[in-house]
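Data block below; observations after.
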Amino acid sequence: MQNCRIGVYVCNCGTNIAHIVDAEAVKEAVSKLPDVTIARSYRYMCSNPGQEMIVKDIQELGLNRVVVAACSPRMHERTFRNACKTGGINPYLCEMANIREQCSWVHVADKLAATEKALALTNAAINRVRYHEPLDPLTAEMCPTTLVLGGGIAGLTAALELAMAGHPVYLVEKSDHLGGNLARVDLTAPYLDSARDLLTERLVRLRQNPNISVMLNSQLKDLTGFVGNYSATVATHNGHELPQEKTLHVGNVIVATGYKEFDASRITHYGYGKLPDVITSFEFEEMLRAGRIQLKSGRPPQYVAIIHCVGSRSKEFHAYCSRVCCMTALKYAHEIKSALPDCYVSDVYIDMHAFGKGHEDFYKKSSEVKTLFLMYGKNERPVIRKAGPGDDCQMLIEVDEKLSGERIEIPADMVILMVGMEARPDAGEVARLVNISADKDGWFIESHPKLDPVATTTDGIYIAGTCVAPKDIPDTVAQARAAAGRILAKIAKGKIEIEGVFAEVNEDLCSGCRMCNELCPYSAIVFDEVKKRSHVIPAACKACGACVAACPSGAIKGRHFTDQQIYAQIEGVLA
Amino acid sequence: MAIRVNPKLINELEHFGSEDVFNCYHCGNCSAVCPHTDEFFVFPRKSMRSLQMGLERKLERSIEPWLCYYCGQCSEQCPRNAQPGETMMSLRRWLISRYDFTGLARLFYKSWKSELAAVIIVALLTGVGLLAYGFWQGNIQIYDGAGAFLPSSSIHIFDLAVGGLMFLFLAVNSVRMWWFIMDPKEQGIRLGLYLKKILLLPWHFFTQKRYAECESGEPGTVHIPWLLHLGIALGYVTMLILVMVFLHSLQAGPQIVWPVHVFGYLASIGLATGTIWMLHARLKKTRVQYLRSQGSDWIFVTLLFIITVTGILQHILHRVGLPFAANIVYVLHLMAVVPWLLRMPFSKWAHIIYRPLAMYFADIQRAVLAARAAATGSIQQVRHAA
Amino acid sequence: MSYEPKIVGFLCNWCSYTGADLAGTSRIQYPPNIRVIRVMCTARIDPTFVVDALAKGADGVLICGCHPGDCHYSEGNYKAMRRFPLLKRLLKSYGIEDERVRLEWVSASEGQRFADVVTDMTERVRGLGPSRVHATLLTDQRER
Amino acid sequence: MRVGVFIARSSPEIGVNLQAIANYAANLSAVEKVRILGSPPGLKPKALAEEIRADKLERIVLAGDSPGYFKPVFTRAMTMAGGNPEEVRLASFREHGASSHEATERAKAIVACAVHATPFPLVAVPRSSTVNPATLIIGGGIAGIQAALEIADGGKQVYLVERSATIGGHMAMFDKTFPTLDCAACILTPKMVAVGDHDKIELITNAEVQEVSGKPGDYKIKVLKKARRVDIDACVACNLCTAICPISVWSEFDSALTHRKAIYIPFPQAVPSAYVVDPENCTYVQTEGKKCGACLKKCPKDCINLDEKDQVVEFEVGNIIVATGYDLLDARRVERYGYGKFPNVLTSLEFERMTNAAGPTGGKIVLKTKKLNKRTKVEEWVVQPEAAPPKSVAIIHCVGSRDEKYNPYCSRVCCMYSLKFAHLVREKLPDATCYEFYIDMRAFGKGYEEFMERIKAEGTFIVRGRTAQIVESNGQMIVKGEDMVNDRLVEFPVDLVILAVGLVPSQGTLDLARMLGVPRDEDGWFSELNYNGSPTMTERGGIFVAGMCQGPKDIPDTVAQASAVAAGVLRSISSGRVEDHLSSVALSEIEARAAQMEANEIQVR
């Protein structure tokens, strides 16, 4: 370690520090310490004169370390690091001692002790700064190409957003057509707009945009590398011959693989698959599009019953709410009344989730067309049975109606089951490939459920739409754009800046135990099969230091939070 | 045993004025603000629910509509403009038609035109009949005494006949009401209990005290609608008694027979003010309960108004010595009275009997329910069993 | 002069250090015995730091991190949580009193809580009297 | 292709002239028949099928406010008539925003597109012009913050204009956030600091947008920067000025549970971390420098300038993001809950502050107590940490929401935060009973349902039924309602009532809408360009909406929208172009393009 020339600056912060902590005394005390070239105390270090003082000293006294005892680093660390930079030394060679928020302001009663503590903290900072190393932010290339998995409304939207900004996109779709589940829908709730037009618009734009290459019948097989520099292997099946594999170089990945509907036959006593006119919402959607709302017998139904929460909000199947079924059910009520004005619609629900824009009004409108809403208990379930010869209906649905407190039977010729959403069977596989995690229900996990809903713990991998959780179209579209937005921001920057602070593995010490690989929440540590050593991908590392503490052979160094630095600090506070 | 839902029932009830019941999304606001609802009878929400679901039997035997006086609290506070008050009103109309064995009530409620026609026909028949009778046996220049155009003795008999007919219908319908509500087959209630509570009947009849409880929010405030309602009811009953019993001294003149007439005057005042106020309220839609007036409502008020006016007029004309005019007006008066009386069992006017009966039955049921609840512990269970 | 315990605090940058700052901006008073060392995450805290602190003369060590579920690095505080009992067992075997080392959750909005924790900790450690670790080590060295 | 156009009357009639549209449609070459439907349309499939056969119609265009309502009957009729059910097309005026001043012209264009079976948004593409890479963001709540950071991280200049003295918005007032219950400050303050430090973000607090002129891609902005009277860069937040200030008024940030001074900092982690003078209450400002000025003398850095004047800042941007958020409905309007009459009836925001670890009670849930205000000499209800806790608490959902007298719409977040409140009450006051009154429990988001189950298990009495009223009988509040699942009327005596008050567009939304020319929906929220397709764009070029100002939504959805908006802006910047207002596209142009697109068989399905 080159010989240190440390400058120590004790801020008075007007009287904020000085009226409790004897700044002068601190200054005096530290000025005697080894390596301390100069110690000053000043009214406001953060003020321009204060900063200039530092710059001047660095240049004139050849300081190579700076300690500022002042407020919390959260307030002014940036300021003083910049001062060092202007002075001509690496910003990381600066350290702060928090003698305001955590000293003068909280120990008003005991000036002596406060001063003593301030001294200790400053001392610790001096000890620490000795071991500081100049750190330089790394930069890596950012490949502007993006890989989008899934050709549903989310994937289409994201792909278009990126392509229209002028960046190349690979759109990988497992099936043989684009549009996903939305392609099966006729009208959208709550305004009964045309789903087809919505899709057509995107598909046409997509076809007209040269930046997008669509890969149908294709699946991601492998993904290696890190943010900005992934290489993805995609296998395309066409016909019977073996799938062709293609390797794509991409900077980011958007996972928009969507959902699959719940299999209604799993609920045996709804008689789906046995009773002829018990159908799922998607089957009904087909009837609507064909303009034939009719029973298997060919005649139109007189009574239609819609049952909510099929597979959702239940103990045995999915605990969660599928979010869109309520509005879809109301949509059906309207559509049935439109096509069959003399038909009676019963809507058997638990709670009416009409939460979005225009939803409540839509709910009211469906009441106005005399939809009979019947409420059942969350942990109970309606029972469907064939009606007797005397009845004017095919089936009877028996249920405990909560709002009347009666056990009732509802006449029905057709029963529509509002099947919920569930994660696609291959969700786990996808998660493993792009190395993100999925929750107990198989939905992908966001990097933060609230403030980072489209990012994942793996840098450069984004999630959007119903593969994250059930969602309606506007929210899906918003998420898709959000994911694209993140990527656009990165591409706009061109290079990825990686802060100087990250972990690094000393390969001579690494025993290759791979403990750290599992530990890292960002999968930033990869194992080199050849060298049998682990190494850190700086771009992916967030510098939490978990691996540093865990490494049994002490082979991992957490830059700017090295063991040395912390030991020195401990010694300092206790001196 | 599960009850069958009947989505079609609403089509029937719409004819009786249940227009907005499907707007209700069951927040429970109405039941909680209703001054009449209690632990035994929770309404109007539950009645609305039964109506939405078409639980016909349940509605048929329900007392709740009779416990509601349409103070309008529920409708004013309803977040979804489902008009609970109006729904209860329509249920009362429907129940009247259910109690009525002739089916006339149903017909009248379903088409006010038919009702109007019926009224006019009866009126004309009466008119023609009376004139024929008058000219045949008397002199139009004489109002009472010898050779009177319409001698009170024969009119008295005529009145008794018509009144009797009315009471016959009403009695039968009331029995049907009792049958529906008290359901003697299933819940055999001891006669003793009926007798124990019998005094409630006249009490409710003459005080209409439940109505007074409406809007009991502000204590001390005199509750106008109730006063007028009471005025009309009592006035009407007084008149009925006078006509049916003391018609002779009522018509005697020109001198005034105070012991009899004083009642007549009081009754007339009650009826006049009441009907005028009602007409005004319905025309101006002053309160929520008068927003939607059905044909039958109009016929009801107008007829009563005509009767009152002509009644007073013929009395005055007679006193001031204009027998000719008095006779003509008298005929007109009777032309209104007869259809009015005959219409009573099939119309809103039946309230005057059904309400007190309902109160009476309700009190009996409360007693029964309370007793059972004491045994089983939960009023809910009991109410459901019932 | 009465004995004043020295307590070393390891605070995670995102929740607890911010919480400590909040205590400052809200002028919530607590004993000056604590000396704070900032780490990015409680997961960074190597048990040897704690041992080292005690060896160098600390009478107590306080570790503060985000509440479970709030970790900035999603699960670092769980790692610390799992590590802690082992550390405790180790210290026990050294004969170091249980109350000298503590793990607490303090969020960025819990300035008051931070102050309370520190106050309580200081009182307890004061109650225990000076830690013998440092002294023992010194005598050991002399004997050798 | 023989096309029949059926025009449905919209209820309530929006500003379109149906007859004009009918005449226009009749003149389109492909159109064989035009009919304006009655209201109610009373459509019978058989009759329609006859009509279709008679006129040999191959395609049907349904035009109207929300014509989708009639689509199924026409599809059925089409099938009955042996036609292709896929050939029933919608021309939805509402969907494509034909409600503004040029409604009828827009409606015609929409019809033209449908006649040619081409989606309107695909055809009605305005010309684009070069874009100024700077962006204006109005509103510094979580939506504004998120959008600002995303764009600035893309290396583009952002002007963030915030009305109050600090960014953070409502989220900064919250204690915990559902369903994870992590602390709002922990996740928000780092972002706030990042905004404060970002060299690409110019933060203009205490300011309001005064004028927007120019055209998309080149907007000229005038911002009224109200005098803060404290030098942001110099102030070190030492609190001496506040300590000396003699004036104390209700604190907005603590939703009037406590007082603040006339010179103050909204909350410790405020960004910018500097104090601000409230001129309405500052004696010095009010007396034009004749009285007081104590803080001036006290400030050690002389960074207070009470004579500072408001100033107008001008700059130019290419895109504008509106993120103005929401306000609470005035709970006083819902009289039956006695807010303002009973001291211990609190709004949701008031409770948020009370339960906030950094709030006036340090997170203690207490009852309000009477206290003499020394200055005004009047007794007022205040919260004090040492006050008694409530023994029973009622939480009431849908206060002013889902009610045609106030907000007909659902406020979307109340169910969840009410459950959160229930949890906090149970956690902090284990002995207190907690009642929750709801109509529908709308736990629709990721992990919400599970959260609800957890709260239920914690022993809160959850009553299915809206509270009808709160009455007081000898000093005891009583909540009355119907518990319909248990089929009974309930009257619970409670000490504290928390009202889950509905949300309304933030004050000033109307003026802003006028200034920007962005239409608003029937409830007053900003209208998006297209409900499903473009939920964050508006029909005005280069103007976006994010977060609550477009309609109630929770934090994740708000953040997602904010990022989505950032995407839109970054896209336009990196492509260097921004589209003009939708209204700028001429009808003739749309007709021509639509016809051409049909000719090129753009149909995909």
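Protein chains in written order, with my numbering: chain A, 482 to 1056; chain B, -9 to 376; chain C, 289 to 432; chain D, 2 to 606.
Glycine included, every Cβ here is placed at the ideal spot set by N, Cα and C.
Query                                                                                                            : Result
Residue closest to GLY1053/A, alpha-carbon to alpha-carbon, out of GLN540/A, ALA984/A, ILE607/A                  : ILE607/A
HIS799/A vs GLY901/A beta-carbon contact at 7 Å                                                                  : yes
7 Å Cβ cutoff met for ARG851/A and PHE6/B                                                                        : Contrary to the premise, residue 851/A reads as Lys rather than Arg in this sequence. In this structure, PHE6/B does not lie closer than 7 Å to LYS851/A by Cβ.
Where the beta strand (DSSP E) through VAL650/A begins and ends                                                  : 650 to 653
Local conformation of TYR784/A per DSSP, three classes                                                           : strand
Extent of the continuous beta strand (DSSP E) run through VAL629/A                                               : 627 to 630
Entirely enclosed alpha helix (DSSP H) segments - the stretch 743 to 808 of chain A, minimum 4 residues          : 762 to 771
Alpha carbon of LEU463/A to alpha carbon of GLY981/A, nearest angstrom                                           : Absent from the model: residue 463/A. The displayed extent of chain A is 482 to 1056, so no value can be given.
Three-state class that DSSP yields for ILE296/B in the structure shown                                           : helix
Proximal residues to PRO335/C (C-beta, below 6 Å), its chain only, five neighbours per side dropped              : LEU375
Within-7 Å CB hit, LEU776/A to chain D                                                                           : no
Minimum Cβ-Cβ distance from GLY207/B to chain D less than 7 Å                                                    : In this prediction, GLY207/B scores a pLDDT of 48, lower than 50, which makes its location untrustworthy; the coordinate-derived value is nonetheless stated afterwards. Judged by the 7 Å Cβ criterion, GLY207/B is not in contact with chain D.
Own chain residues within Cβ distance below 7 Å of GLY207/B, not counting five before or after                   : At GLY207/B, the pLDDT of 48 sits below 50, so the modelled position is not reliable; the number obtained from the coordinates is stated separately. Correct list: empty, nothing qualifies.
Contact check, VAL224/D vs ALA208/D, beta carbons under 7 Å                                                      : yes
Residue from ASP503/A, ALA594/A, TYR573/A with nearest C-alpha to PRO618/A                                       : TYR573/A
Local conformation of TRP382/D per DSSP, three classes                                                           : strand
Contact under 7 Å by Cβ, THR809/A with ALA670/A                                                                  : yes
Under 9 Å by beta carbon: chain D residues contacting GLY495/A                                                   : VAL237, CYS239, LEU241, CYS300, PRO301, LYS302
Partners in chain C for ASP176/D, counting only beta-carbon separations shorter than 8 Å                         : SER397
Test: MET485/D CB closer than 7 Å to a CB of chain A                                                             : yes
Enclosing beta strand (DSSP E) for GLU203/D [first to last residue]                                              : 202 to 205
ARG180/B classed as buried or exposed, judged by whether at least 16 other C-beta atoms fall within 10 angstroms : exposed
Range of the contiguous alpha helix (DSSP H) that encloses GLN470/D                                              : Taken as a continuous stretch (DSSP letters only), GLN470/D belongs to no alpha helix (DSSP H), being part of the beta strand (DSSP E) at 468 to 474.
Inter-residue spacing [alpha-carbon to alpha-carbon] between ALA936/A and ALA599/A                               : 41 Å
C-alpha distance - GLU9/B paired with THR77/B, whole-angstrom precision                                          : 8 Å
N-terminal and C-terminal residue of the beta strand (DSSP E) that LEU373/D is part of                           : 370 to 373
Residues bridged to ARG412/C [DSSP beta-bridge criterion]                                                        : Answer is none; ARG412/C lacks a bridge partner.
Candidates ARG200/B, MET334/B, TYR59/B, HIS219/B: closest to VAL278/B by CA position                             : TYR59/B
Exposure of ALA635/A, with buried meaning 16 or more beta-carbon neighbours within 10 Å                          : buried
Distance between beta carbons of ILE8/D and ILE37/D, contact taken as under 8 Å                                  : 5 Å
LYS513/A at chain D interface by Cβ criterion, 7 Å                                                               : no
Which residues DSSP lists as bridging LYS976/A, in chain order                                                   : GLU622/A
Selected residue, minimal CA-CA separation from CYS236/D, among TYR265/D, ILE139/D, ALA149/D, ILE322/D           : TYR265/D
ILE316/C, enclosing alpha helix (DSSP H) - first and last residue                                                : No alpha helix (DSSP H) holds ILE316/C; DSSP gives it neither H nor E.
Nearest-angstrom Cβ-Cβ length linking ARG521/A and LYS508/A, presumed shorter than 8 Å                           : 7 Å
Whole-angstrom distance between ILE152/D and LEU161/D, CA atom to CA atom                                        : 11 Å
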